[in-house]
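Visitor:
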Amino acid sequence: MPGKYTIAIDGPAGAGKSTVARGAALALGYRYVDTGSMYRAVTLLALERNVDLNDHLALSELANNAKIDIIESDEKKITVLLNGRDVTEKIRDPLVTGNVSRVASVPGVRKVLAAAQSAMAAEGGVVMEGRDIGTAVIPDADFKFYIVASARERAARRARDLEKMGYPVDLEKLAEEIETRDCLDSSREVNPLRPAEDAEIIDCTGMTAQEVIDLIVKKVTEGRA
Ligand code: DC
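Its first residue numbered 1177, the sequence shown is counted upward by one per residue in our numbering.
#1: Use the C-beta contact count for R1330: other C-beta atoms within 10 angstroms, 16 or more gives buried, fewer gives exposed.
#2: For A1375, which residues in the same chain have their Cβ closer than 6 angstroms to its Cβ, ignoring the five residues on either side in sequence?
#3: Pull up the DSSP beta-bridge partners for A1184, would you.
#4: Pair every Cβ in the segment 1359-1378 with every Cβ in the segment 1277-1297, then say whether three or more of these pairs are closer than 8 angstroms.
#5: Near P1315, which residues of its chain fall below 8 angstroms by C-beta distance, leaving aside the five closest residues on each side in sequence?
#6: Rounding to the nearest angstrom, what Cα-Cα distance links R1225 and V1218 in this structure?
#7: Can you give the Cα-Cα distance for P1339 and I1392, rounded to whole angstroms?
#8: Taking 7 angstroms as the threshold (C-beta atoms), are K1252 and A1201 in contact?
#9: Is L1235 near A1222, with beta carbons less than 7 angstroms apart?
#10: What residue from D1318, R1207, R1268, G1205 has the CA that sits closest to E1215's CA?
#11: In this structure, does DSSP put A1401 in helix, strand or coil?
#12: Whose C-beta lies closer than 7 angstroms to the C-beta of N1259 among residues of the same chain, with five residues either side of it excluded?
#13: At a cut-off of 6 angstroms, would you count T1211 as near the ligand DC, judging by its Cβ distance to the nearest heavy atom?
#14: Can you tell me which of S1194, E1305, T1255 puts its alpha carbon nearest to the alpha carbon of I1183?
#15: Going by C-alpha distance, which of M1383, K1394, T1397 is nearest K1193?
#16: Can you tell me whether T1219 is helix, strand or coil according to DSSP?
#17: To the nearest angstrom, how far is it from the Cα of A1401 to the Cα of V1227?
#18: How would you label L1347, buried or exposed, when you count the other beta carbons within 10 angstroms and need 16 or more for buried?
#19: Which residue wins for smallest C-alpha separation from D1188, given the options D1250, D1318, D1358?
#20: Tell me the DSSP secondary structure of D1245 in three-state form.
#21: I believe T1381 touches A1325 by the beta-carbon criterion, under 8 angstroms. Please report the beta-carbon distance rounded to the nearest angstrom.
#22: Classify Q1386 as buried or exposed, calling it buried when 16 or more other Cβ atoms lie within 10 Å of its own Cβ.
#23: So is D1262 buried or exposed if we call it buried at 16+ other beta carbons inside 10 Å?
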């Protein structure tokens, strides 16, 4: 295993971060942490408990009291447990996806989840994926990558993922939703989506996931970027 580096992978929705982060973690023998799944788990809990999504205090308390565990298999397949319950599939429900940006914009929720994520990265040997990993969660990460792709390609990717899970797909609507979510994620006051100054930006439009994984693994195994 090359070093025990911390690797931050950020970027907008649907750019292929998850596939790339998972693949890089597998190749490097590192832990893979999908931080979006934690925001999704809190959102699911809020919806299930009918918490008003404008009530920041209630949402922060919910995040603070929720026990979220991310368990990975040898192939880096992730199981998300929320208070001991397997919510891996439920957190991908379009209803959760449609509300998660609002929950992720709540400062108290971000504070709780970012602290938990920083603790997970403390030992190194981790590929952590999200929106604010390089800027806020692990500002001193050894490697920071910011992955982008055209909105069209990102919508097409999300469509394929949703179709696989059996959800009906409207590509136009999906592209609009992705742009709305990017806009919300980039314009929130606390830790908005943006590349860290020292992040390497990879535009993977037209690249296969494997090509992006190989690029990242090469940079990491060759030493500090
Ligand atoms: O990567 P994803 O689509 O599962 O992320 C779900 C939402 O959570 C997305 O709207 C952005 C937000 N998020 C965030 O604000 N910060 C992170 N580190 C990870 C995700």
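Just so you know, even glycine gets a beta-carbon here, dropped at the ideal spot from N, CA and C. Please read these numbers as outputs of a predicted model, since none were measured by experiment.
Guide: Concretely, from the data shown:
#1: Walking along the sequence shown from the start, residue 1330 turns up at place 154. Flag for R1330 reads buried.
#2: Residue numbering aside, residue 1375 sits at position 199 when the sequence shown is read from its first letter. So the list reads G1310, K1320, Y1322, once near-sequence residues are dropped.
#3: Locating residue 1184 in the sequence shown gives position 8, where the first residue counts as 1. For A1184, which the question treats as bridged, DSSP gives the partners M1304, K1320.
#4: yes
#5: Sequence index remark: in the sequence shown, residue 1315 carries index 139 (1-based). Excluding sequence neighbours, P1315 sits near A1372.
#6: In the sequence shown, the residue the question calls residue 1225 occupies position 49. In the sequence shown, the residue the question calls residue 1218 occupies position 42. Their backbone Cα atoms lie some 11 angstroms apart in a straight line.
#7: Along the sequence shown, one-based indexing puts residue 1339 at 163. Along the sequence shown, one-based indexing puts residue 1392 at 216. As written in the sequence, residue 1339 is Glu, which differs from the Pro given in the question. If you take the alpha carbons of E1339 and I1392, they lie about 28 angstroms apart.
#8: As a first step, residue 1201 is located in the sequence shown; it is residue number 25 there, counting from the start. As a first step, residue 1252 is located in the sequence shown; it is residue number 76 there, counting from the start. Contact: yes.
#9: Taking the sequence shown and counting its residues from 1, one reaches residue 1235 at position 59. Taking the sequence shown and counting its residues from 1, one reaches residue 1222 at position 46. Yes, these two residues count as a Cβ contact at 7 angstroms.
#10: Indexing the sequence shown from 1 puts residue 1215 at position 39. Just to set this straight, residue 1215 is Tyr in the shown sequence, not Glu. If we check each option's Cα against that of Y1215, R1268 comes out closest.
#11: Taking the first residue of the sequence shown as position 1, residue 1401 is located at position 225. For A1401, the pLDDT reaches just 46, beneath the cut-off of 50, and the residue's location in the model is therefore unreliable, leaving the point undetermined.
#12: To locate residue 1259, count along the sequence shown from 1; it is residue 83. A distance below 7 angstroms between beta-carbons, with the five flanking residues on each side excluded, links N1259 to the following residues of its chain, in chain order: A1242, K1243.
#13: Here residue 1211 refers to the residue found at position 35 when the sequence shown is read from its first residue. T1211 Cβ: within cutoff of the ligand DC.
#14: Sequence index remark: in the sequence shown, residue 1183 carries index 7 (1-based). Selected option, being the one with the closest Cα: E1305.
#15: Translated into positions along the sequence shown, residue 1193 becomes position 17. The residue with the shortest Cα to Cα distance from K1193 is M1383.
#16: Counted from its first residue, the sequence shown places residue 1219 at position 43. T1219: helix per DSSP, three-state reduction.
#17: Here residue 1401 corresponds to residue number 225 of the sequence shown, with the count starting at 1. Here residue 1227 corresponds to residue number 51 of the sequence shown, with the count starting at 1. No answer about A1401 holds up, because its pLDDT of 46 lies below 50 and its placement is not dependable.
#18: Along the sequence shown, one-based indexing puts residue 1347 at 171. Answer is exposed; the Cβ neighbour count stays below 16.
#19: As a position in the sequence shown, residue 1188 is number 12, starting the count at 1. Checking the displayed sequence, the identity of residue 1188 turns out to be Pro instead of Asp. Checking every option, the nearest Cα to that of P1188 belongs to D1358.
#20: Walking along the sequence shown from the start, residue 1245 turns up at place 69. Note: D1245 maps to strand in three-state DSSP.
#21: In the sequence shown, counting from the first residue as 1, residue 1381 sits at position 205. In the sequence shown, counting from the first residue as 1, residue 1325 sits at position 149. In this structure T1381 is in contact with A1325, their Cβ atoms being roughly 5 angstroms apart against a cut-off of 8 angstroms.
#22: The residue you call residue 1386 lines up with position 210 of the sequence shown. Burial call: exposed.
#23: Counting from one through the sequence shown, the residue named residue 1262 turns up at place 86. Looking at its Cβ environment, which holds fewer than 16 other Cβ atoms inside 10 Å, D1262 is exposed.
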